[in-house]
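Chemist:
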Amino acid sequence: MEINVYEMIEDDKFFIGSYPDSFSVGRWFTVDELVNSSYEKIEQEYLTKYNPYARVELELAVFDVDNVSGLWSGEYDVSSLIDKLREIVETEYYEIRLEVYDFDDDFFEETGMSKVDIARAVFFGNIKNWLAPYIGYNGSGNFETYSETERQARIDMYVKDLGLF
1 MEINVYEMIE DDKFFIGSYP DSFSVGRWFT VDELVNSSYE KIEQEYLTKY NPYARVELEL
61 AVFDVDNVSG LWSGEYDVSS LIDKLREIVE TEYYEIRLEV YDFDDDFFEE TGMSKVDIAR
121 AVFFGNIKNW LAPYIGYNGS GNFETYSETE RQARIDMYVK DLGLF
């Protein structure tokens with residue numbers, strides 16, 4: 001399954017600023033703004049707008065993350081965050097092995113299993129809801145159903161395993 005990680009993170013916003021005199025000054029940035037910017041441009045904005053004491057240089061950091069996607073953890077250096085976001089946008093799609101399928105008649109036909117094996121996988125599996133939208137295999141090779149939320153959680157887990165964040 002190919003996943004567009006950018007689509008997962010595009011609603012995330014990052015507060016970038018500094019702590020002059022024990023209070024933070026800065027603003028929220030969207031992913032698009034950061035991809036189309038550079039550390040130098042962001043620093044220049046701070047030196048002109050948020051530098052009341054005319055300091056020559058400000059230390060900028062991402063101190064808070066509006067983590068809509070749930071994929072970010074920790075604090076980031078501004079320039080490395082911009083580089084990572086650009087890499088994600090340029091790559092577009094990442095291949096993950098998500099063994100979750102549409103729960104329909106085609107799934108059972110495509111398994112290549114005999115009727116007895118299918119019956120066994122259903123009996124020993126975890127079919128929580130016969131109207132669930134997705135089905136896959138548990139660790140024992142038996143069937144397990146997934147809701148949309150559970151499917152998305154599995155996708156998030158696999159994306160985290162890519163080591164992008």
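Just so you know, we're using the working numbering here: the sequence shown kicks off at 1 and counts up by one. We put the CB at the ideal spot given by N, CA and C, even for glycine.
1. Where do the N-terminal and C-terminal ends of the beta strand (DSSP E) with Phe14 fall, by residue?
2. Quick check on DSSP: helix, strand or coil for Ile155?
3. Are Leu71 and Arg154 touching if we call contact CB-CB under 8 Å?
4. Is it the case that the segment 130 to 143 contacts the segment 24 to 44, given that we only count it when at least three CB pairs across the two stretches are under 8 Å?
5. In three-state DSSP terms, what is Tyr53?
6. Who are the Cβ neighbours of Lys13 in its own chain at under 7 Å, not counting the five residues just before and after it?
7. Helix, strand or coil for Phe124 per DSSP?
8. Please report how far the alpha carbon of Val5 lies from the alpha carbon of Asp32, in whole angstroms.
9. I'd like the span of the beta strand (DSSP E) that includes Tyr146, first residue to last.
10. Going by DSSP, what residue range makes up the beta strand (DSSP E) through Thr30?
Modeler: According to the structure data:
1. 13 to 18 is the extent of the beta strand (DSSP E) around Phe14.
2. Residue state for Ile155 is assigned as helix, using DSSP reduced to three classes.
3. For Leu71 and Arg154, no; Cβs fall outside 8 Å.
4. At 8 Å Cβ cutoff, the stretches do not touch.
5. In this structure, Tyr53 counts as coil in the three-state DSSP scheme.
6. Excluding residues within five positions, the ones whose Cβ falls inside 7 Å are Trp28, Phe29, Thr30, Asp66.
7. Three-state DSSP puts Phe124 in coil, outside helix and strand.
8. Rounded to whole angstroms, Val5 to Asp32 spans 14 Å at the Cα level.
9. Per DSSP, Tyr146 belongs to the beta strand (DSSP E) from 143 to 146.
10. Note, Thr30: beta strand (DSSP E), 25 to 30.
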